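**Q** Residue numbers (my numbering), protein chains in the order written: chain A, 1 to 1005; chain B, 1 to 148.
Every residue gets a Cβ at the ideal spot worked out from N, C-alpha and C, and that includes glycine.
Please read these numbers as outputs of a predicted model, since none were measured by experiment.
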Ligand code: FES
C-alpha cells in the first residue's frame, strides 16, 4: 500500500497551498523550504492585482495555518538531496542546514538582531537597506524564529570573536555548534513548488541598472512601496530620498528577448505588475504624479485585468508602445532621460525621476540542479516540462510540479496548480488517507456562563493600510473605556504568527472571555481569529470583528478624522455586540461521500475522473447527448498536440469508470441542502444526494454581429477560428489553395459590452495561421491585432509566425478594419500605424478570432447553488487570488470556461484543483454545520405560524400545542423567522435583537 | 444655521453577509471612496431585518437607515430578500403615516461583485439624508418630552 505522507518542496504560495490541501484531506505533509521562512515571493509584494489586496494580509492567514497545522511538518533551511523509489513509496533524503538559533527556545524578542554588530545587505528588501547577521527575514515570517546568517556571522566564521547574541539571548537559544541534519522521509508522492527567480538586469547596459541609483527593478520598487519595506511605505527614490513625481516603467526586461538575454518567452505577469505599481504609486504620491509605461503589447489577459487596464488609463497612467533605447542621467540631480523610438519610428526623449525595470521571471539555478537530480525533463527555457493534458505531471511518475517553475504564471494560476498537484498526489495515496496523520486536540473550553464580560480589543495597523488614515492608537485608547473592556492594544499586523501567539497568551493572562479584533474583513480573517480563541480555551463564537479597513480606511482615504471617529464607533459597536454573546455548540453534519459534476466537457470529465480515482462515487450530468463539449471543436493546442484523440480517450475512461455514472440530455431542476448533503433533482425527475458539487458548464463562442460581423454568415469565405478548426480536422484540401488570408483579432472582446480579453484567441489565431503556412508556405497572411497576447511560452509561436513571414498589423478601436465584397472578391481595409497609411487586402479567407462568453444557463445554475456571477456573467470565485476554484458557498466549486476564458491545459488544472478542494470535504465523515441557529421562547409564542411560513428550509414547525419549534439541524441561521415573529418569541443565537440593537445604540453613544 | 452646516448625519446600514457586505468590502478593495457617515451592521440576510430594528435605530438617533441585500433571486437563503422587500414596503407606509420622511429609510440590492454600486448607493443615501436634515421625529422630540 502507498505511504500516506507527501513531500512538498518549496514554501511559496504554491507550496503552501498544496501542503494545506493535502494536510486537510488526510495526509501528513513534509514541507521543505530552502530559506528561513515560508511565504516566498508573495510575502515580498506590497499589493496584488487586480484587486489591490494587501499581499501580506491575504497571505498571512495561510502561512499561519500552515505553521500551526498539525499535519504539516515544516522544515526550513532544508533541501531535498536525494530521492529513490517509485510512486506510492519514495524514500527522500532531506538535508537541513543549521539555523544556529533553537526554534524551540527562540521567543522572537529580537534582542539578538538588535545587539548583533554585523550589518549585511537586506535580501528580503532586494538589497535595499541592511539587516543584521542575526535576523528575521520579515515581520510576519512563519516560523517566527530568528536565524544566524552563517556567511556573515562573526563567531561562525571566527569562533570566539563576537558571540554577543548568545550573551543577550535570555532564552539561551543561540547554538553556534549546531550542524546540518539529514532526514530520511518515506513518502507516497512528491510535489515540487520551487518557484522562480527574477532576471538580473545588470548585464543590460542600456538600462543603466547598477550605475544609476534611480533605476530599480520592479521587485525593488515593490519593496519601496511596501509599508514593511525599507522606507516604510513612503515612496522615496534611492539617490536622494526625494519623493519621485515622474516614474517610467520599462516592460519586457529579460523577457521576449532572444538576442540580448536568450529568454524568448513572455513572463506573463509583468504587464499587470507594472500597471498595479503605477496605480499604487499614484496612491502614495502627494500632489502631481506622472506614470508612463513603455511596452510592446499590453498583456492583460486574466480575469479582471482588462478592466484594471482601462481604469489605469482613465486615472492618467500613460502608455507608450515603444522599446526604450537608453536611460542616461538627465542632469546632476538624479533625474533620468529616456530615449525611445515611438510607433511611427520617431526618436523621442522624456525625463523621469525614477525608472522601474519590469524584469522577467526565470528558473532558479538550483531548481535546474534539483530537476537533474530527480531525473526530470526540462523544456528549452529550463522550466520543468509538463504534459499538455496533465499540466502538473512531470516526466517522472509520482512527482508533480506547480507554480512558476513550469512556466511563468500569476498567483491564482499557481494556486490552482497547487490544488491540482494535491489532487494528483492524493490520487496515488488515496488508500493511505488518514494513516499517517494525527488529530488536533483543543484545550478544554472555559465555562464563561456566570462570568461578567472581560473583553479584549486588538486594533490592527495593517502595516499602513489602516494606520495611514485612522489614528489607531486613539481607537485603542477609546476602546479601553468601553463597558466590559479590560484590555486593548494595537498591533502592526494582527494576523501575523507572533501576534496570534501573543493573543493566545493575553487571553489566558488577562482572563479574557470575549475578543474583538478591529482590522480587515471577517469574510477573510474571522476563521483565523476564531481558531486562536479555541487555542486559548475560549469558545470561538465569543468573537466579533470591526471592519476598519475595507469599510473604513480604504474608503475614506482623504478624511482621516472622520475615519478615526467612524473606527471608534465601529469598535464600540463590535464591543456592544460581543458583550451579550454566549458560547455556541460546534454542530456538524454527516458528509454524503459522493460528488455531482455539472458539465461533461473536458473540464467536467477531468474533475469527475479525479474524484472517482480518489474512490468517491460521482454523477456527471451533461446537457447534450455526448461528452467532450467545446473541446471537440478545437483542432490543437499551441504545442501542436491535437485534442480529439485525448478527448476520446478521456471520454472512454470516464464512461467505463465504475465510480462514475453519466447522465446525458439532463439538466438540473432543483437543488436543496448544503455542504455535506445536497439533494439535486434532475430534469428526468430523479434525484441524487451528494456532499459536494463542481460546476463546469463551460462557455460559448460569441456570434459576430454589427460592426464585428465582417460579413460573417453572409460570405462563406469569412469564418471564425472554430469554423477553420473544423476544416483542419476534416483536412479540407481547399485550404491549400488559399493565397491570401487575413485574421482579425479581438472580435467582440475588449470592448465596452465585453470589457475583458478572451485570453486564448491570440494564441489560437497565430497557431492557425502557422498551420496554414504549413499547408501552403506561399500563402500571404495578415494578422490584424490590438495587442498580441501570446503570454508565457506561447510567445515562441508568435516568433515562429513572424519568422515564417506572417505580417502583423495593429489596429485600434478608432480604426476598426473594414470588410466589404466587391466584384466577387473580399476587400479588407485597415490602417497600418507603422507606415501611417491605409492598406487594402483581397483575402480569399478571412478568419475572425471571436470572444468567449459565458453560457446563458450559467446564471440560473448559479442560483440553484447560491453562487455569485460577475458583471459579465462568469461565475464569481470566493477570492480572485487565493481561492480561485471555491465559491463563497461551501461545498460548491467551479472550473473551466464558466469561470473565465482559458486554454485547455489551464482548464484541466482548474478541474483537478476543484476536485482536490472537493476531496477535502469528502475526506471527512462530518463537516461543521451552522452553529448560529434560531431558538424559540415558548412562553412568548402565540402560535401564529408566521415563522413556519417564512422558513425556506422547513426547519420551523408548530408542535402539538401549537407552539413553534426549530429543528436545529435544518436551520441555516438566516433569521427570517426572527424578523417575522410579531411577539419577539424567536431569536437567533448571538445575532438576536439584543446584540444587534446594542450595536446600533453604540453608534450613538 | 451654522450648526446645520457642520451637521453630519449618522446612517445605519444593515447589510446582508453574502452580498451587500461583500460588496462593501469590494468597494474598499477597489478604493471607491464614499462619505464616512455610514455605520455598517452585518446581518446574515436582509430577511433578518425587522420593522422593529429599523424603528429602534431611528429611535436611537439614526438620521437614516439603509437596508441592503442580494439581488432578487440571489438571496443566499433563497427568499429572505423577498420578505425583506415586502416588509419594507409595508413599513414605508407606516413611516409615512407617522411623519417620517420617505427618504430616511432606503432599501437597495447590491451584490458581492458590485463595489462601485455600493459606493454609489452610499453617496446617494447620504445626500438624500443630508438634504432632509437631522431626524427629529422619533429621537429629538422624544428627548424633549423626556426632558420636560
Ligand atoms: S443573504 Fe443577502 S439578502 Fe438574503
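Let me have the residue list for the ligand FES: C-beta closer than 6 Å to any non-hydrogen atom, ordered along the chain.
**A** Matched residues: 16(B), 18(B), 19(B), 45(B), 46(B), 47(B), 69(B), 70(B), 75(B), 76(B), 77(B), 80(B) and 81(B).
**Q** Might you give, ordered along the chain, the residues of its own chain that have their beta carbon closer than 6 Å to the beta carbon of residue 147(A), omitting 5 neighbours on each side?
**A** On the first chain, residue 147(A) is found 147 positions in, with the first residue counted as 1. Contacts found: 36, 99 and 101.
**Q** What three-state label does DSSP hand residue 134(B) in the structure shown?
**A** Here residue 134(B) is taken as the residue at index 134 of the second chain, counted from 1. Note: residue 134(B) maps to coil in three-state DSSP.
**Q** Report the option in 197(A), 9(A) and 409(A) whose CA atom is closest to the CA atom of residue 793(A).
**A** Taking the first residue of the first chain as 1, we reach residue 793(A) at position 793. The candidate whose alpha carbon is nearest that of residue 793(A) is 409(A).
**Q** Between 340(A), 741(A) and 573(A), which lies nearest to residue 846(A) when the distance is taken from Cα to Cα?
**A** Position 846 of the first chain, counted from the start, is the residue given in the question as residue 846(A). That would be 741(A), whose Cα lies nearest to the Cα of residue 846(A).
**Q** If we count the other Cβ atoms within 10 Å of its Cβ and call it buried at 16 or more, is residue 225(A) buried or exposed?
**A** Looking up residue 225(A) in the first chain gives position 225. Counting Cβ neighbours within 10 Å, residue 225(A) comes out buried, since at least 16 surround it.
**Q** Select from 853(A), 76(A), 637(A) and 831(A) the residue whose C-alpha is nearest the C-alpha of residue 771(A).
**A** Residue numbering aside, residue 771(A) sits at position 771 when the first chain is read from its first letter. The option with the nearest alpha carbon to residue 771(A) is 637(A).
**Q** Flag this pair as touching only if the stretch 517-524 of chain A and the stretch 452-471 of chain A have three or more C-beta atom pairs under 8 Å; answer yes or no.
**A** Yes, the stretch 517-524 of chain A is in contact with the stretch 452-471 of chain A.
**Q** Please confirm if residue 387(A) has its CB atom under 8 Å from at least one CB of chain B.
**A** Taking the first chain and counting its residues from 1, the one referred to as residue 387(A) is at position 387. It does not: the Cβ of residue 387(A) has no partner Cβ on chain B nearer than 8 Å.
**Q** Confirm, please, whether the CB-CB distance from residue 153(A) to residue 112(A) is below 8 Å.
**A** If you number the first chain from 1, residue 112(A) lands on position 112. If you number the first chain from 1, residue 153(A) lands on position 153. Not closer than 8 Å, so no.
**Q** Just the C-alpha distance for residue 674(A) and residue 227(A), rounded to the nearest angstrom, thanks.
**A** Residue 674(A) sits at position 674 when you count from the first residue of the first chain. Residue 227(A) sits at position 227 when you count from the first residue of the first chain. About 41 Å.
**Q** Restricting to Cα atoms, I'd like to know which of 877(A), 156(A) and 839(A) is closest to residue 177(A).
**A** Taking the first residue of the first chain as 1, we reach residue 177(A) at position 177. Nearest C-alpha to residue 177(A): 156(A).
**Q** In whole angstroms, what separates the C-alpha of residue 144(B) from that of residue 756(A)?
**A** One-based indexing of the second chain puts residue 144(B) at position 144. One-based indexing of the first chain puts residue 756(A) at position 756. Its pLDDT being 49, under 50, residue 144(B) is placed unreliably in this model, and the value from its coordinates should be taken loosely. Going from the Cα of residue 144(B) to the Cα of residue 756(A) covers about 58 Å.
**Q** Return helix, strand or coil for residue 42(B), following the three-state DSSP convention.
**A** As a position in the second chain, residue 42(B) is number 42, starting the count at 1. Three-state result, residue 42(B): strand.
**Q** Buried or exposed: where does residue 366(A) fall if 16 or more other Cβ atoms within 10 Å of its Cβ makes it buried?
**A** Position 366 of the first chain, counted from the first residue, corresponds to residue 366(A). Label assigned to residue 366(A): exposed.
**Q** Which residue spans inside the stretch 18-85 of chain A form an unbroken beta strand (DSSP E) run of at least 3?
**A** Runs found: 28-32 and 72-75.
**Q** Going by other Cβ atoms of all chains shown within 10 Å of its Cβ, with 16 needed for buried, is residue 349(A) buried or exposed?
**A** In the first chain, the residue the question calls residue 349(A) occupies position 349. Classification of residue 349(A): exposed, given that the 10 Å Cβ count is below 16.
**Q** Strictly below 7 Å CB to CB, what residues from chain A border residue 18(B)?
**A** The count along the second chain starts at 1 and reaches residue 18(B) at position 18. Ordered by position in chain A, the residues that pass the 7 Å Cβ test against residue 18(B) are 888.
**Q** Once DSSP output is grouped into helix, strand and coil, what is the label at residue 209(A)?
**A** Position 209 of the first chain, counting from 1, holds the residue named residue 209(A). Of the three classes helix, strand and coil, the one that applies to residue 209(A) here is coil, per DSSP.
**Q** Which whole-angstrom value describes the C-beta separation of residue 32(A) and residue 75(A), a residue pair presumed to lie in contact below a C-beta threshold of 8 Å?
**A** Numbered from 1 along the first chain, position 32 holds the residue referred to as residue 32(A). Numbered from 1 along the first chain, position 75 holds the residue referred to as residue 75(A). Correct: roughly 5 Å between the Cβ atoms.
**Q** Find the residues of chain B that neighbour residue 870(A), judging by a C-beta separation of less than 8 Å, and give them in chain order.
**A** Along the first chain, read from residue 1 onward, the residue named residue 870(A) stands at position 870. Near residue 870(A) (Cβ distances below 8 Å), the residues of chain B are 113.
**Q** Would DSSP call residue 282(A) helix, strand or coil?
**A** As a working mapping, residue 282(A) is identified with position 282 in the first chain. Looking at residue 282(A) - three-state DSSP - the assignment turns out to be helix.
**Q** How is residue 961(A) classed by DSSP in three states: helix, strand or coil?
**A** By 1-based counting over the first chain, the position of residue 961(A) is 961. In the structure shown, residue 961(A) sits in coil (DSSP, three-state: anything other than H, G, I, E or B).
**Q** Going by C-alpha to C-alpha distance, which of 314(A), 333(A) and 309(A) sits closest to residue 237(A)?
**A** Translated into positions along the first chain, residue 237(A) becomes position 237. Among 314(A), 333(A) and 309(A), the Cα nearest to that of residue 237(A) is on 333(A).
**Q** 8 Å is my cut-off, CB to CB: does residue 144(B) come that close to chain A?
**A** Start at 1 with the first residue of the second chain, and residue 144(B) comes out as number 144. Residue placement at residue 144(B) cannot be trusted, given a pLDDT of 49 that sits under 50; the coordinates are not used to answer.
**Q** With residue 7(A) and residue 82(A) assumed to form a contact (beta carbons below 8 Å), what rounded beta-carbon distance in angstroms separates them?
**A** By one-based count along the first chain, residue 7(A) stands at place 7. By one-based count along the first chain, residue 82(A) stands at place 82. Not a contact, Cβ separation roughly 12 Å.
**Q** How long is the line joining the alpha carbons of residue 1(B) and residue 7(B), rounded to whole angstroms?
**A** Here residue 1(B) refers to the residue found at position 1 when the second chain is read from its first residue. Here residue 7(B) refers to the residue found at position 7 when the second chain is read from its first residue. Any reading at residue 1(B) is ruled out, since the residue's pLDDT is 39, under 50, leaving its predicted position unreliable.
**Q** Please return the same chain residues whose Cβ sits closer than 8 Å to the Cβ of residue 440(A), not counting the five positions on each side in sequence.
**A** Position 440 of the first chain, counting from 1, holds the residue named residue 440(A). Within the same chain, residue 440(A) has close Cβ partners 70.
**Q** For chain B, is any of its Cβ atoms less than 8 Å away from the one on residue 478(A)?
**A** For the purposes of this step, residue 478(A) is taken as residue 478 along the first chain, with counting starting at 1. It does not; no Cβ of chain B falls within 8 Å.
**Q** Work out the CA separation of residue 327(A) and residue 1014(A) for me, nearest whole Å.
**A** As displayed, chain A neither begins before 1 nor continues past 1005, which places residue 1014(A) out of reach and without an answer.
**Q** Can you tell me whether residue 900(A) sits near the ligand NAP, meaning its C-beta is under 7 Å from at least one heavy atom of the ligand?
**A** The ligand content of the structure shown is limited to the ligand FES, which means the ligand NAP is not among them.
**Q** Along the chain, where does the alpha helix (DSSP H) containing residue 541(A) start, and where does it finish?
**A** Position 541 of the first chain, counting from 1, holds the residue named residue 541(A). Where residue 541(A) is concerned, there is no enclosing alpha helix (DSSP H), given that its DSSP letter is neither H nor E.
**Q** Please decide whether residue 3(B) counts as near chain A, where near means a Cβ-Cβ distance under 8 Å.
**A** For the purposes of this step, residue 3(B) is taken as residue 3 along the second chain, with counting starting at 1. Note that residue 3(B) scores 46 on pLDDT, short of 50, meaning its location in the model is unreliable; the coordinates nonetheless yield the value given after this. So, not an interface residue.
**Q** Which residues in the same chain have their Cβ closer than 8 Å to the Cβ of residue 397(A), if we skip the five residues on either side of it in sequence?
**A** Mapped onto the first chain, residue 397(A) falls at position 397. Closer than 8 Å at the Cβ level, and outside the excluded window around residue 397(A), lie 86 and 87.
**Q** Cβ of residue 40(B) less than 8 Å from any chain A Cβ?
**A** Against the second chain, residue 40(B) aligns to sequence position 40. Yes, contact with chain A.
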